[in-house]
Structures are given as structure tokens and as C-alpha cells.
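Asker: Structure below; questions to follow.
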Amino acid sequence: MNVGTHHTAPPAAVDSDRWFRRYRPTAVPRRRLLVLPHAGGSASFFHAWGTSFGHGTEVLVARYPGRHDRLTDPCIDTMEELADQVTAALLPLLDVPVTLFGHSMGASLAYEVTLRLQREHGVCPAALHVSSRKPPHTLTPHDVHKKGDEALIDEVLRLGGTDEALLADPDLRDIVLPAIRADFTIVGTYGPREADPVHCPVYAYIGDQDPSLSAADMSGWGEITAEGFHLDVLPGGHFYLVDQHENLVRKIAHRSPAEG
Numbered sequence: 010m011n012v013g014t015h016h017t018a019p020p021a022a023v024d025s026d027r028w029f030r031r032y033r034p035t036a037v038p039r040r041r042l043l044v045l046p047h048a049g050g051s052a053s054f055f056h057a058w059g060t061s062f063g064h065g066t067e068v069l070v071a072r073y074p075g076r077h078d079r080l081t082d083p084c085i086d087t088m089e090e091l092a093d094q095v096t097a098a099l100l101p102l103l104d105v106p107v108t109l110f111g112h113s114m115g116a117s118l119a120y121e122v123t124l125r126l127q128r129e130h131g132v133c134p135a136a137l138h139v140s141s142r143k144p145p146h147t148l149t150p151h152d153v154h155k156k157g158d159e160a161l162i163d164e165v166l167r168l169g170g171t172d173e174a175l176l177a178d179p180d181l182r183d184i185v186l187p188a189i190r191a192d193f194t195i196v197g198t199y200g201p202r203e204a205d206p207v208h209c210p211v212y213a214y215i216g217d218q219d220p221s222l223s224a225a226d227m228s229g230w231g232e233i234t235a236e237g238f239h240l241d242v243l244p245g246g247h248f249y250l251v252d253q254h255e256n257l258v259r260k261i262a263h264r265s266p267a268e269g
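Residue numbers (the working numbering): 10 to 269.
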């Protein structure tokens, strides 16, 4: 199995530029970092990441349908379809080593994309970074996506990471709620499932005040790899990565493939 690179062309219908926002495109990248946002999140949340890595690293952030410049695209509410689409869009970008980072829902998505790359395309990311999300075999389904708008908004606000003013404005709330509900449907219906192994190192991150999970929960990610596992507990809640931006980016950069 190749690690980090692959040259198979994607299906003609897949538009990588539509799925990924490139911050500071690199003419000749030596590696790529794919960032997969949380439920209700968007590429703009990770805007600062685009200029936080060396010039040899091209940062891609997933642009989920149903929001921002993909507002008219139908929302996706199953992990299977979302992972299939992201994987297909990533195929033409595997000419250099690729590292995946996923936060919350994005961590589960990063894991599923890694599995698809391994099984269907014979390639594995250089590393898998997972943040603020239980591993697949210990997840517990929930039904917040089936509840009314207020209950869904309360859960979003409890976790943080979303502009409260956006949800307070009735007109804007009506625009963003379909995408949020679709994402929370993915979160609520994914897992538990078998801990299929990945063939790359796994790095896990969590805030020490996360209201939804613990460091012990995150340590379960070590059971899906024999290629090395490390857990970092950083100050903060579910969105510790806002205040810990520089610290987290430094850790990810240090654990990325070296400059060639």
C-alpha cells in the first residue's frame, strides 16, 4: 500500500475546487493538509489556518454543501455519502503526502475518508489527526436532530463554535438551520461501528473542559491503529482550538511529513 500519494484520476463529475477551499494556494506543494470542519461549521472557521503553515504546505478546508457559497447545493445528512463525496474530490490531490485533520464531526469524517482511501484506492494519509470526538466503536447515537429548532440551537450554543448573533437573527437562522440539522443528523446516526484499523499514525486532541467527552474517551482512538498514537489534552472546552490555535498548529506541523 502506498502511503500519502496516489495518482488515480477521480470521477469526471467530481469538482475538487467546489469541495475544498484553498487558502494561499501553493504552486508546487510538498504536502497537503485537509481540514474537515465540525457540525454546523464552514471553511471560514479555519481561515487563519491557511497562513499558519510553511510555504510547502497547501491547506485545504472542506466546503460542505448547504452553506455559504454552496448555499443552493442540497445538504448531505449521512456520513456514508459525505465521506464518499469528500474522498472522490480528494483523489486528484494525492500526488503529494496528505494529512487529515477533523474536528468533532469532522474527526469521524476524516476517519471514514481514510478508510475509503485505504480500501478502495490503496493509499493512506501520512497521518490522521482527530479532535473532540469519540472513536467510532464507542460513539453513542443521540436524537437532537429529531427535536425542534430551539432544542437544536441550544445544543449548538452549548458546544460553542457558532456565532450566537447568527442564530439570534430569525432570517439568518432560517438560512443556516437546514445545514446544521443535516450535520447533526450525521452526528446522531453515525456509530457505534467496528473499529476498522487505519495504517497511519493517529494524533488525538481534546480540551480539558470539554462538556461532552473526556481524555479517556479520546484515548480510544489508539485502538484503531498500530502505527503510533498520541493524545494531547489542551486548555479549553469543545472549541479549545480557537484559543489554542498556535499551539495546535505547531503540533500538527511538527507531525507532518518533513520538507523534501
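Where a beta carbon is used, it is the ideal one built from N, C-alpha and C, also for glycine.
CB-CB under 7 Å to Asp152, same chain, minus the five flanking residues each way: which ones, in chain order?
Answerer: Gly197
Asker: Identify, in the order they occur along the chain, each residue of the same chain with its Cβ nearer than 6 Å to the Cβ of Val122, setting aside the five sequence neighbours on each side.
Answerer: Ala92, Val95, Thr96
Asker: If you run the structure through DSSP and keep just helix, strand and coil, what is Ile215?
Answerer: Note: Ile215 maps to strand in three-state DSSP.
Asker: Rounding to the nearest angstrom, what Cα-Cα distance links Gly169 and Pro220 in this structure?
Answerer: 10 Å
Asker: According to the Cβ coordinates, are Trp7 and Ala136 closer than 8 Å?
Answerer: The requested residue 7 does not occur in the structure, where the chain is confined to residues 10 to 269.
Asker: Quick one: what does DSSP say Phe62 is sitting in, helix, strand or coil?
Answerer: coil
Asker: For Glu268 and Val37, I'd like the C-alpha separation in whole angstroms.
Answerer: The pLDDT assigned to Glu268 is 47, lower than 50, so where the model puts this residue is not dependable, and the model offers no usable value.
Asker: Between the region 139-150 and the region 68-80, do three or more beta carbon pairs fall short of 8 Å?
Answerer: Contact fails: fewer than three Cβ-Cβ distances are below 8 Å.
Asker: Does the distance from the C-beta atom of Ala224 to that of Ile215 stay below 8 Å?
Answerer: Result yes, Cβ atoms of Ala224 and Ile215 sit closer than 8 Å.
Asker: Which residue from Arg41, His47, Phe55 puts its Cα closest to that of Ala114?
Answerer: Contrary to the premise, residue 114 reads as Met rather than Ala in this sequence. Nearest of Arg41, His47, Phe55 to Met114, Cα basis: His47.
Asker: Nearest CA to the CA of Trp230: which residue from Pro134, Arg125, Pro244, Pro210?
Answerer: Pro210
Asker: Could you check the C-alpha separation between Leu126 and Ala191 for me, to the nearest Å?
Answerer: 24 Å
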